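Each residue of the sequence shown is one higher than the one before, counting from 105 in the working numbering.
Cβ atoms here follow ideal geometry from the backbone N, Cα and C, with glycine treated the same way.
This structure is a prediction, so every number in the text was calculated from the model and none was measured.
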Amino acid sequence: MKKLKSLVMIVLCLLALSAYKADKKITIFMIGDSTMANKDISNDKQERGWGMMFKNCFSDDIIVDNHAQNGRSSKSFIDEGRWQKVLDKIKPGDYVFIQFGHNDEKPDPKRHTDPGSTFDDNLRKFVRETQEKGGNPVLLNSVVRRMFAESKTAVTDDDLRTNSSKGLVEGDTLVDTHGAYLISPRRVAEEMNVPFIDANRITHDLEQGLGREGSKKLHMIFKPGETPSLPDGRQDNTHYNIYGASKVASLIADVVAKEIPGLKKYVRKYDITVAKDGSGQYMDLQKAVDAAPAKVKTKILVGEGTWTKPVVPKGKKIKLVLREGAEVN
105 MKKLKSLVMI VLCLLALSAY KADKKITIFM IGDSTMANKD ISNDKQERGW GMMFKNCFSD
165 DIIVDNHAQN GRSSKSFIDE GRWQKVLDKI KPGDYVFIQF GHNDEKPDPK RHTDPGSTFD
225 DNLRKFVRET QEKGGNPVLL NSVVRRMFAE SKTAVTDDDL RTNSSKGLVE GDTLVDTHGA
285 YLISPRRVAE EMNVPFIDAN RITHDLEQGL GREGSKKLHM IFKPGETPSL PDGRQDNTHY
345 NIYGASKVAS LIADVVAKEI PGLKKYVRKY DITVAKDGSG QYMDLQKAVD AAPAKVKTKI
405 LVGEGTWTKP VVPKGKKIKL VLREGAEVN
């Protein structure tokens with residue numbers, strides 16, 4: 105009986121210590137729309153928001169708590185009580201990454217805001233209330249839509265999901281679809297003296313650099329039968345696939361390391377990431393190892409959970425980096 109009581113006390117102490125450590129960690133809260141949001145990964149679904157992959161860019165000292173939701177604007181995020189839920193969790197030293205615009209542009213009265221007035225006011229609210237809780241707000245503008253000159257798609261998210269690629273005529277220059285909604289986050293950041301990340305410029309340079317055809321590999325653009333979860337294919341120039349979301353998250357983390365001193369020391373770089381929750385480039389450790397190039401030192405970040413020890417082919421130089429809570433046996 106005494107041994108049982110001692111064992112119970114040890115377990116309770118370990119749980120208390122774990123909770124204490126978690127409370128001391130810095131949390132990055134993320135609020136935004138579908139381009140940032142966590143996604144359903146059932147049945148091999150391929151869509152990802154860049155915020156879903158963002159935790160792989162940091163050490164275990166950082167918790168990324170992604171509250172971004174599909175279809176939300178700065179207005180609907182507040183009106184639905186989603187902002188209040190985040191606000192209630194913020195503790196001194198935490199960060200809030202704020203990225204809206206895609207849905208603020210839409211005419212839907214439940215979501216629409218105007219740059220220079222209501223959109224800016226909502227951004228100020230996020231910043232002000234984060235600071236009142238002792239948190240650190242970071243403003244980002246919208247990522248680009250993949251709309252090249254003369255394209256007949258990439259007008260709205262809904263259009264992108266349904267438009268066929270038949271008859272599509274595209275040029276070679278990426279065209280802006282956000283207008284003044286890109287200016288508001290920068291303006292509010294300067295006005296309130298908080299960090300601003302030009303996510304639009306980052307993604308513009310990425311997509312333009314890849315070109316008209318190369319940029320397709322970032323997005324949910326699939327031919328019929330190309331992936332099991334989309335038997336009819338999909339033409340979506342707004343939302344990211346696994347590769348695209350990972351790439352954008354990594355590029356934004358690079359800017360975080362340069363522009364936000366309080367987070368710089370926690371930023372990490374890995375060649376390949378694997379996670380059971382879909383936040384990595386792979387969900388199978390063996391497949392991640394198989395994808396590593398031969399004769400090149402490759403760091404693979406292994407997410408939480410228990411994994412079967414992979415077979416490493418001769419000639420591959422693999423280093424497994426285990427996240428807190430990961431075990432390979």
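Spatial distance of residue 286 from residue 431 (CA atoms): In the sequence shown, residue 286 corresponds to position 182, counting from 1. In the sequence shown, residue 431 corresponds to position 327, counting from 1. Roughly 43 Å between the two C-alpha positions.
What are the uninterrupted segments assigned as alpha helix (DSSP H) that are 4 or more residues long and contained completely in the stretch 300-328, given in chain order? 303-318
In or out: residue 415 buried (at least 16 other Cβ within 10 Å) or exposed? Residue numbering aside, residue 415 sits at position 311 when the sequence shown is read from its first letter. By the 10 Å Cβ count, residue 415 comes out exposed.
Just to confirm, is the Cβ distance from residue 405 to residue 374 under 8 Å? If you number the sequence shown from 1, residue 405 lands on position 301. If you number the sequence shown from 1, residue 374 lands on position 270. Cβ atoms of residue 405 and residue 374: closer than 8 Å.
Best match in 170, 132, 197, 173 for proximity to residue 237 [C-alpha to C-alpha]: Taking the first residue of the sequence shown as position 1, residue 237 is located at position 133. Nearest option by C-alpha distance: 197.
Is residue 430 helix, strand or coil when you go by DSSP? As a working mapping, residue 430 is identified with position 326 in the sequence shown. Three-state DSSP puts residue 430 in a strand.
Quick check on residue 285: does DSSP put it in helix, strand or coil? Counting from 1 along the sequence shown, the entry for residue 285 is found at position 181. In this structure, residue 285 counts as helix in the three-state DSSP scheme.
Do residue 396 and the ligand ZN come close, with the Cβ less than 7 Å from some heavy atom? The ligand ZN is absent from the structure shown, which contains no ligand whatsoever.
Exposure of residue 232, with buried meaning 16 or more beta-carbon neighbours within 10 Å: As a working mapping, residue 232 is identified with position 128 in the sequence shown. Exposed, because fewer than 16 other Cβ atoms sit within 10 Å of the Cβ of residue 232.
In the DSSP assignment, find the beta strand (DSSP E) that holds residue 134 and state where it starts and stops. Mapped onto the sequence shown, residue 134 falls at position 30. Note, residue 134: beta strand (DSSP E), 130-136.
Could you check whether residue 182 and residue 133 sit closer than 8 Å to each other, using their CB atoms as the reference points? Position 29 of the sequence shown, counting from 1, holds the residue named residue 133. Position 78 of the sequence shown, counting from 1, holds the residue named residue 182. Against a cut-off of 8 Å, the Cβ pair of residue 182 and residue 133 comes out as no contact.
Buried or exposed by the 16-neighbour rule on C-beta atoms within 10 Å, applied to residue 147: Position 43 of the sequence shown, counted from the start, is the residue given in the question as residue 147. Its Cβ having fewer than 16 others within 10 Å, residue 147 is exposed.
Which same chain residues end up closer than 6 Å to residue 359 when comparing Cβ atoms and leaving out the 5 residues on each side of it in sequence? Taking the sequence shown and counting its residues from 1, one reaches residue 359 at position 255. For residue 359, where only same-chain residues beyond five positions count, the Cβ hits under 6 Å are 301.
Residue range of the beta strand (DSSP E) that residue 339 falls in? Along the sequence shown, read from residue 1 onward, the residue named residue 339 stands at position 235. Start and end: 338-344.
Taking buried to mean at least 16 other C-beta atoms within 10 Å of its own C-beta, is residue 288 buried or exposed? Taking the first residue of the sequence shown as 1, we reach residue 288 at position 184. Answer is buried; the Cβ neighbour count reaches 16.
Identity of the residues DSSP links to residue 411 by a beta bridge: As a first step, residue 411 is located in the sequence shown; it is residue number 307 there, counting from the start. DSSP output for residue 411 lists 432 as bridge partner(s).
Using a Cβ-Cβ cut-off of 6 Å (strictly less than) and excluding sequence neighbours within five positions of residue 312, which residues of its own chain qualify? Here residue 312 corresponds to residue number 208 of the sequence shown, with the count starting at 1. Closer than 6 Å at the Cβ level, and outside the excluded window around residue 312, lie 278.
Does the Cβ of residue 412 have 16 or more other Cβ atoms within 10 Å, making it buried, or fewer, making it exposed? Locating residue 412 in the sequence shown gives position 308, counting from the first residue. Under this definition residue 412 is an exposed residue.
Proximity to residue 345 [Cα-Cα], best of 235, 140, 135: Within the sequence shown, residue 345 is the residue found at index 241, counting from 1. Checked all of 235, 140, 135; the closest Cα to residue 345 is 140.
Short Cβ contact (8 Å threshold) for residue 319 with residue 250: As a position in the sequence shown, residue 319 is number 215, starting the count at 1. As a position in the sequence shown, residue 250 is number 146, starting the count at 1. It is a contact, given that the beta carbons lie within the stated cut-off.
For residue 370, which of helix, strand or coil comes out of DSSP? Counting from one through the sequence shown, the residue named residue 370 turns up at place 266. Coil at residue 370, not helix or strand.
Per DSSP, residue 202 forms a beta bridge with which residues? Position 98 of the sequence shown, counted from the start, is the residue given in the question as residue 202. In DSSP, residue 202 forms a bridge with 135, 243.
Distance, Cα to Cα, residue 154 vs residue 220? The residue labelled residue 154 in the question sits at position 50 within the sequence shown. The residue labelled residue 220 in the question sits at position 116 within the sequence shown. The straight-line gap from Cα to Cα measures roughly 27 Å.
Between which two residues does the alpha helix (DSSP H) carrying residue 169 extend? Locating residue 169 in the sequence shown gives position 65, counting from the first residue. Not the alpha helix (DSSP H): residue 169 falls in the beta strand (DSSP E), residues 166-170.
Can you tell me which of the three DSSP states residue 377 falls into? Residue numbering aside, residue 377 sits at position 273 when the sequence shown is read from its first letter. It is a strand residue.
Closer than 7 Å by C-beta to residue 185: which residues in its own chain qualify, once you throw out the five before and the five after it? Chain order, please. For the purposes of this step, residue 185 is identified with residue 81 of the sequence shown, where counting begins at 1. Nothing listed; no residue qualifies.
Taking just the CA atoms, how far does residue 235 sit from residue 419? Along the sequence shown, read from residue 1 onward, the residue named residue 419 stands at position 315. Along the sequence shown, read from residue 1 onward, the residue named residue 235 stands at position 131. Computed Cα separation, rounded: 51 Å.
Rounded C-alpha distance that separates residue 267 from residue 315: Position 163 of the sequence shown, counting from 1, holds the residue named residue 267. Position 211 of the sequence shown, counting from 1, holds the residue named residue 315. At residue 267, the pLDDT of 46 sits below 50, so the modelled position is not reliable; the number obtained from the coordinates is stated separately. Cα to Cα, the separation comes out at about 21 Å.
When the Cα atoms are used, what is the spatial distance from residue 256 to residue 164? Numbered from its first residue, the sequence shown carries residue 256 at position 152. Numbered from its first residue, the sequence shown carries residue 164 at position 60. Reliability fails at residue 256, whose pLDDT of 48 lies under 50, so the model's placement of it is uncertain and no value is given.
Rounding to the nearest angstrom, what Cα-Cα distance links residue 429 and residue 390 in this structure? Taking the first residue of the sequence shown as position 1, residue 429 is located at position 325. Taking the first residue of the sequence shown as position 1, residue 390 is located at position 286. Spanning the two alpha carbons is a distance of roughly 19 Å.
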